[in-house]
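> Per the working numbering, residue 1 is the first one in the sequence shown, and the count goes up by one each step.
Where is the CB? At the ideal position from N, CA and C, for every residue including glycine.
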Amino acid sequence: MTVHQAAHDRLAEVGSNIADDYMTLKLLAAGLARILWERQRVREGAEPTTGLLPQAWRTGVTRLWWRALEQGNNPPVSDMEVFAWCRLPLGCWPVRLDVSDSDVESLLIDGEELSAFADEAARLAARSDAEAELTENRTFAKLQATAELHGRTEEEVQQAYVALRLFLIESPVVSDLELNKLTGRFKEVDRHGYLYVRDFFDSAYQYRKTGGPASCWVCSDCGNPLHEGIEMCGTPGCTGVPVVKKLKVLEGYYVQHRGVRVCMHDPGLVEKRLFDALGHLPKGRARLHKWPGMDACDVAVEFPDPAAPGDPDRSEWWAGDAKDYTSATMLGRSFKWDQRMRARHRFLILPQHRFEQKHYVDDLKREMQGRSDGVRVISEGDFVSQARARALGSTSW
Ligand SMILES: [Zn+2]
1 MTVHQAAHDR LAEVGSNIAD DYMTLKLLAA GLARILWERQ RVREGAEPTT GLLPQAWRTG
61 VTRLWWRALE QGNNPPVSDM EVFAWCRLPL GCWPVRLDVS DSDVESLLID GEELSAFADE
121 AARLAARSDA EAELTENRTF AKLQATAELH GRTEEEVQQA YVALRLFLIE SPVVSDLELN
181 KLTGRFKEVD RHGYLYVRDF FDSAYQYRKT GGPASCWVCS DCGNPLHEGI EMCGTPGCTG
241 VPVVKKLKVL EGYYVQHRGV RVCMHDPGLV EKRLFDALGH LPKGRARLHK WPGMDACDVA
301 VEFPDPAAPG DPDRSEWWAG DAKDYTSATM LGRSFKWDQR MRARHRFLIL PQHRFEQKHY
361 VDDLKREMQG RSDGVRVISE GDFVSQARAR ALGSTSW
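Here it is as structure tokens:
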């Protein structure tokens, strides 16, 4: 085999679109997710599954290696070197990456954990070997299954789905006594007598045994557990401060797994704010639908036709997806409107803290150009005020 042939084979292995640095970052992030998951398992006493680094990681490193050569730079000499880069802002990597202005400050590893940016990237790396291990994917599948087992009609299933998903957003920390509220309502069991809802719950939470009354530091606004001594909650967009939460417990309490917190609880905060605000629209003039069709979109508002208020087909529908992503570019590239959700007006709703972030909306709109399916980008505040105006009779579009 000639050198040229070897290079050619190696190139084929990593795909031809080497210049797509977001693809490289997704692969590295998926690999890191797997590496950190493995480390965590070993720390908890499990046998290591394999001594090899994940395929996604190796492909990502190979792509970086090519990118460096292409730029006339020295390629990374070891995995350790690339690990070290993962702690640097993307704009400071020795290999120049083509990333948007709003992403240059992002890191892949933050402290000892995957950054929020890397979390998103890992989730978007489809079919990577990290995907199946991501806790939030398992939890989401169990949430849907539990909902389906607790309704005889589509409507009942939908109600169960909304209740379970809201539980995750409202309860980052739960005592064992509070858990009874959930098990008291969702009573279906498998053939061994085990509650389905318990299976869902266990996939989303970690147990902390205290043996008696417990207290922990949590955020005053979003409720996330915080380390003692921290001054501000680090949850995106949250301005809460640490407070002590006293828990009435039988034997212990539960804390959400990090993946579930980052992917379901934190992005759910904007959904909950929208639900709360839109729930106060004048009755009879607007109807709120939470995650209609088990998540065909996040929020829909139905404005009934005064001539036929009971006929949803004659109503005007507004539907929105609320997305709290660190990276506007990755959001824009991955955003797809669910075609099940037919609505006259379609929105991509951004939490206020993203909408106001420098370059964010520009980067997002640029990525969405030409394939946005008529979806408008709007802030959460504007969405609510436009919906209110529409309910009160004025139409702005
Ligand atoms: Zn908070």
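1) Under the criterion of a Cβ to heavy atom distance below 7 Å, does G268 qualify as lining ligand 1?
2) Does the beta-carbon of Q369 have 16 or more other beta-carbons within 10 angstroms, so that it is buried, or is it exposed?
3) Pairs of beta-carbons, one from the segment 342–359 and one from the segment 319–329, closer than 8 Å: are there three or more?
4) By the three-class DSSP mapping on this structure, what secondary structure does L53 have?
5) Tell me, to the nearest whole angstrom, how far the beta carbon of E136 is from that of C233; I am working on the premise that it is less than 8 Å.
6) When you compare only the Cα positions, how much space is there between K358 and E38?
7) For R123, which option in K209, E105, L331 and S203 has the closest C-alpha, if you only look at C-alpha atoms?
8) Should the segment 172–180 be regarded as contacting the segment 206–224, the criterion being three or more beta carbon pairs within less than 8 Å?
9) Can you tell me which of the three DSSP states M341 falls into?
10) Beta carbon of T235: closer than 7 Å to some heavy atom of ligand 1?
11) Tell me which same chain residues have a C-beta within less than 7 Å of the C-beta of A125, skipping the five on either side of it?
12) DSSP on E136, reduced to helix/strand/coil?
13) Indicate the three-state DSSP secondary structure (helix, strand or coil) for C219 in the structure shown.
14) Is F45 helix, strand or coil by DSSP?
15) Which residues bound the alpha helix (DSSP H) around Q159?
16) Do T146 and Y205 count as a contact pair if the criterion is CB distance below 8 Å?
17) Looking at the unbroken beta strand (DSSP E) that takes in G370, where does it start and where does it end?
18) For a test of your reading of the model: does the CB of N224 fall under 7 Å from any non-hydrogen atom of ligand 1? Yes or no.
19) Quick one: what does DSSP say I349 is sitting in, helix, strand or coil?
20) In the DSSP assignment, what residue or residues form a beta bridge with Y254?
21) With distance defined between alpha-carbon atoms, name the residue in P236, T239, C238 and V255 nearest to K245.
22) Between the alpha carbons of P306 and D298, how many angstroms are there, rounded?
23) With DSSP as the reference, label I230 as helix, strand or coil.
In short:
1) As a first step, residue 268 is located in the sequence shown; it is residue number 268 there, counting from the start. Using a cutoff of 7 Å, the CB of G268 does not count as near ligand 1, since none of the ligand's heavy atoms is closer than that.
2) Taking the sequence shown and counting its residues from 1, the one referred to as residue 369 is at position 369. Within 10 angstroms of the beta-carbon of Q369 lie fewer than 16 other beta-carbons, which makes it exposed.
3) When Cβ pairs closer than 8 Å are counted between the two stretches, the segment 342–359 is seen to touch the segment 319–329, the count reaching three or more.
4) If you number the sequence shown from 1, residue 53 lands on position 53. Secondary structure of L53 (DSSP, three-state): coil.
5) Reading the sequence shown from its first residue, position 136 is the one you call residue 136. Reading the sequence shown from its first residue, position 233 is the one you call residue 233. Rounded, the Cβ-Cβ distance is 20 Å, inconsistent with contact.
6) For the purposes of this step, residue 358 is taken as the residue at position 358 of the sequence shown. For the purposes of this step, residue 38 is taken as the residue at position 38 of the sequence shown. Approximately 36 Å, taken between the alpha carbons.
7) The residue given as residue 123 occupies position 123 in the sequence shown. Proximity to R123 across K209, E105, L331 and S203 peaks at L331, based on C-alpha coordinates.
8) Taking one beta carbon from each stretch, the segment 172–180 and the segment 206–224 have 3 or more pairs nearer than 8 Å; the two touch.
9) Translated into the one-based positions of the sequence shown, residue 341 becomes position 341. Three-state DSSP puts M341 in coil, outside helix and strand.
10) Residue numbering aside, residue 235 sits at position 235 when the sequence shown is read from its first letter. Checking the Cβ of T235 against ligand 1 gives yes.
11) Here the question's residue 125 lines up with position 125 in the sequence shown. Correct list, in chain order: K26, L27, A29, A30 and A56.
12) In the sequence shown, residue 136 corresponds to position 136, counting from 1. If DSSP states are grouped into helix, strand and coil, E136 belongs with the helices.
13) The count along the sequence shown starts at 1 and reaches residue 219 at position 219. The answer is strand: DSSP assigns C219 an E or B state.
14) Residue mapping note: residue 45 aligns to position 45 of the sequence shown, counting from 1. The sequence shown places Gly at residue 45, not Phe. Correct three-state label for G45: coil.
15) Within the sequence shown, numbered from 1, the residue matching residue 159 stands at position 159. Note, Q159: alpha helix (DSSP H), E154 to E170.
16) To locate residue 205, count along the sequence shown from 1; it is residue 205. To locate residue 146, count along the sequence shown from 1; it is residue 146. Contact check for Y205 against T146 fails: the beta carbons are separated by 8 Å or more.
17) For the purposes of this step, residue 370 is identified with residue 370 of the sequence shown, where counting begins at 1. Here G370 belongs to no beta strand (DSSP E), and DSSP marks it neither H nor E.
18) Residue numbering aside, residue 224 sits at position 224 when the sequence shown is read from its first letter. Flag set: Cβ of N224 near ligand 1.
19) As a position in the sequence shown, residue 349 is number 349, starting the count at 1. If DSSP states are grouped into helix, strand and coil, I349 belongs with the strands.
20) The sequence position of residue 254 within the sequence shown is 254, counting from 1. Y254 pairs with V174 and Y207.
21) Your numbering for residue 245 matches position 245 in the sequence shown. Among P236, T239, C238 and V255, the Cα nearest to that of K245 is on V255.
22) Within the sequence shown, residue 306 is the residue found at index 306, counting from 1. Within the sequence shown, residue 298 is the residue found at index 298, counting from 1. Their backbone Cα atoms lie some 25 Å apart in a straight line.
23) As a working note, residue 230 is residue 230 in the sequence shown. In the three-state DSSP reduction, I230 falls in the coil class, being neither helix nor strand.
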